[in-house]
Amino acid sequence: MASGNPITLRVRWTGSVTKQLQFDADSTINEVVLNVASRFNILNHGRICIFSPATPLRDLIWVDNRDHTLRQVGIADRDTIELKYEPYPVHVMLHDGNPHFLEEFSLENINKSQQQTFRADLTDPLSEYLPQLFRLLLSRHSNLNTKEEFSFLLLSDHFGQLAIKWIDTSRPMGEQSVRSHSYLLVVPSQIMLQRKIECSPTSKEGYLTKRSIKTGGRVTNSKKRWCTLRDHFLFYHQSLSSLPNGFVQLDHYEIQDSSANGKYEFTCTPLAKDQLSNSGSSAPAVLAAEKPTYVFECETQEEVNDWMKYLRPRSGSIGCTQVFGVPLEKYLKRKNTSGILPAVITDCI
């Protein structure tokens, strides 16, 4: 490319390593896409757009017009760009705290002033857009408690009735029925504890002995708790009939068998901030909030194994390097050319 105004960009394509490439600041987006597509062996690049994550100095950038130059769209030296499929609008709203919010909610009578919109490549997990999403929420809800944990409900119409479904932030949105102009409801953790929101039946339940390791290494006392697994949430209750004392949002955690020294345990370790979002250093406090590590003790190793069977597929990182005996890297290279991995593969990884 021309080198009159050279800039160096960190460039990535889903499933590939990041490369540092040099471009001219006055290169058109079309020139950049063609250059990067050839380097990453992307065959179907007609629907490809340039995405640049937010930085402390600017918002994220989606570039649809390939005639614009890097300089015109605000991409500068040392920025990160990623090639993604064309984005679709997704609407987001914050739960207002009303315990009857869902009972009273109607997709036909949405208060447009309460919704905000972001654009996303639906082959991505929602985790990639959390910094942008919470920037939007904070711009309208300045009193948002960023130390809380948040979960996401997909709201849709099913034969005139409201249908709800929890979104796993670590899995591609499109695989979870998120479509263009879908509505996501952001639910603070306090709402989860005050009111049971059930989208699917309980997958597993039973008594476990729980302790937490807080920031700084402080360990809480071990307490026997009734635990219920629904969707990708592990709730723990003081008794069978009580509301939950708390929950582990499994797509934000890594689950490991930590049995040792005659104790049968599994540990839920929070993912690092950069594992929750690939969007760089601009994540707001809500993503950087410290989460405790949870240790759950069982009576036998068989019980640990049974819980792990249910928990690990719902976790945010299962540490898998092979699928069906084939190196994961080969599947990811397949995505570089054809665009989308089969659901059976993404479910495994």
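Under this note's numbering, the first residue of the sequence shown carries the number 1150, and numbering increases by one thereafter. All C-beta atoms in this analysis are idealised placements derived from N, C-alpha and C, irrespective of residue type, glycine included.
Asked: Helix, strand or coil for Leu1158, going by three-state DSSP, please let me know.; Found: strand
Asked: Span of the alpha helix (DSSP H) holding Met1457?; Found: 1450-1460
Asked: Quick one, are the C-beta atoms of Gly1323 and Thr1272 less than 7 Å apart?; Found: yes
Asked: Using 10 angstroms around the beta-carbon of Cys1198, count the other beta-carbons present and answer buried if the total reaches 16, otherwise exposed.; Found: buried
Asked: I think Leu1302 touches Leu1399, with their Cβ atoms under 8 Å apart; what is that distance to the nearest whole Å?; Found: In fact, because the Cβ distance is near 16 Å, the residues do not count as touching under 8 Å.
Asked: Rounded to whole angstroms, what is the Cα-Cα separation between Met1242 and Val1222?; Found: 28 Å
Asked: Roughly how many angstroms lie between the CA atoms of Asn1410 and Pro1419, to the nearest whole one?; Found: 24 Å
Asked: Cα-Cα, which of Arg1374, Arg1289, Asn1179 is closest to Lys1261?; Found: Arg1289
Asked: Which partner residues of Pro1393 appear in the DSSP bridge assignment?; Found: His1386
Asked: How many angstroms separate the CA atom of Asn1184 from the CA atom of Asn1193?; Found: 13 Å
Asked: Apply the 10 Å Cβ neighbour rule to Ala1269 and answer buried if 16 or more other Cβ atoms are within range, or exposed otherwise.; Found: buried
Asked: Once the 5 residues before and after Ser1361 are set aside, which same chain residues still bring their CB inside 6 Å of it?; Found: Thr1369, Pro1441, Tyr1443
Asked: Within a Cβ cutoff of 6 Å, which residues of the same chain sit near Ala1174, ignoring the five residues on either side of it in sequence?; Found: Asn1154, Ile1156, Leu1219, Arg1220
Asked: Kindly identify the DSSP beta-bridge partner or partners of Gln1123.; Found: Nothing in the structure corresponds to residue 1123, since the chain is present only between 1150 and 1498.
Asked: Please report how far the alpha carbon of Asp1226 lies from the alpha carbon of Leu1158, in whole angstroms.; Found: 6 Å
Asked: Assuming Ser1371 contacts Tyr1237 under a Cβ cut-off of 8 Å, what Cβ separation, rounded to an integer in Å, is found between them?; Found: Their Cβ separation, rounded to whole angstroms, is 47 Å, which puts Ser1371 and Tyr1237 out of contact at 8 Å.
Asked: Taking the C-alpha atoms as reference points, what is the distance between Ser1336 and Thr1204?; Found: The displayed chain sequence assigns Val, not Ser, to residue 1336. Going from the Cα of Val1336 to the Cα of Thr1204 covers about 26 Å.
Asked: Taking the continuous alpha helix (DSSP H) assigned at Ile1340, which residues delimit it?; Found: 1338-1343
Asked: Just tell me which of Arg1161, Leu1357, Phe1299, Ser1338 has its CA closest to the CA of Gln1450.; Found: Leu1357
Asked: Give every residue of the same chain whose Cβ lies closer than 6 Å to the Cβ of Thr1416, excluding the five residues on either side of it in the sequence, and list them in chain order.; Found: Gln1405, Ser1407, Val1444
Asked: Report buried or exposed for His1307, applying the criterion of at least 16 other Cβ atoms within 10 angstroms of its Cβ.; Found: exposed
Asked: Exposed or buried, what is Arg1188 when buried is set at 16 or more other beta-carbons lying within 10 Å of its beta-carbon?; Found: exposed
Asked: Could you tell me the boundaries of the alpha helix (DSSP H) in which Ile1178 lies?; Found: 1178-1189
Asked: Consider the C-beta atom of Asp1173 and the heavy atoms of the ligand FAD; say whether any pair is separated by less than 6 Å.; Found: What this structure holds is no ligand at all, so the ligand FAD is not there to describe.
Asked: Between which two residues does the alpha helix (DSSP H) holding Arg1284 run?; Found: 1279-1289
Asked: Can you give the beta carbon distance from Tyr1402 to Asn1394, rounded, assuming they're within the 8 Å contact cut?; Found: Not a contact, Cβ separation roughly 17 Å.
Asked: Go ahead and pull the three-state DSSP assignment for Ser1262.; Found: helix
Asked: I'd like to check one pair, Leu1334 with Leu1304: are the Cβ atoms closer than 7 Å?; Found: yes
Asked: Using 7 Å as the threshold, is the C-beta distance between Pro1274 and Pro1321 below it?; Found: yes
Asked: Express the C-alpha separation of Val1181 and Ser1349 in angstroms, rounding to a whole number.; Found: 45 Å
Asked: Take Thr1486 and list the residues in its own chain whose beta-carbon comes closer than 8 Å to its own, dropping the five residues that flank it on each side.; Found: The predicted position of Thr1486 is uncertain, since its pLDDT is 41 and thus under 50; a value taken from the coordinates is nonetheless stated next. Closer than 8 Å at Cβ, skipping near neighbours: Asn1190, Ile1191, Leu1192, Asn1193.
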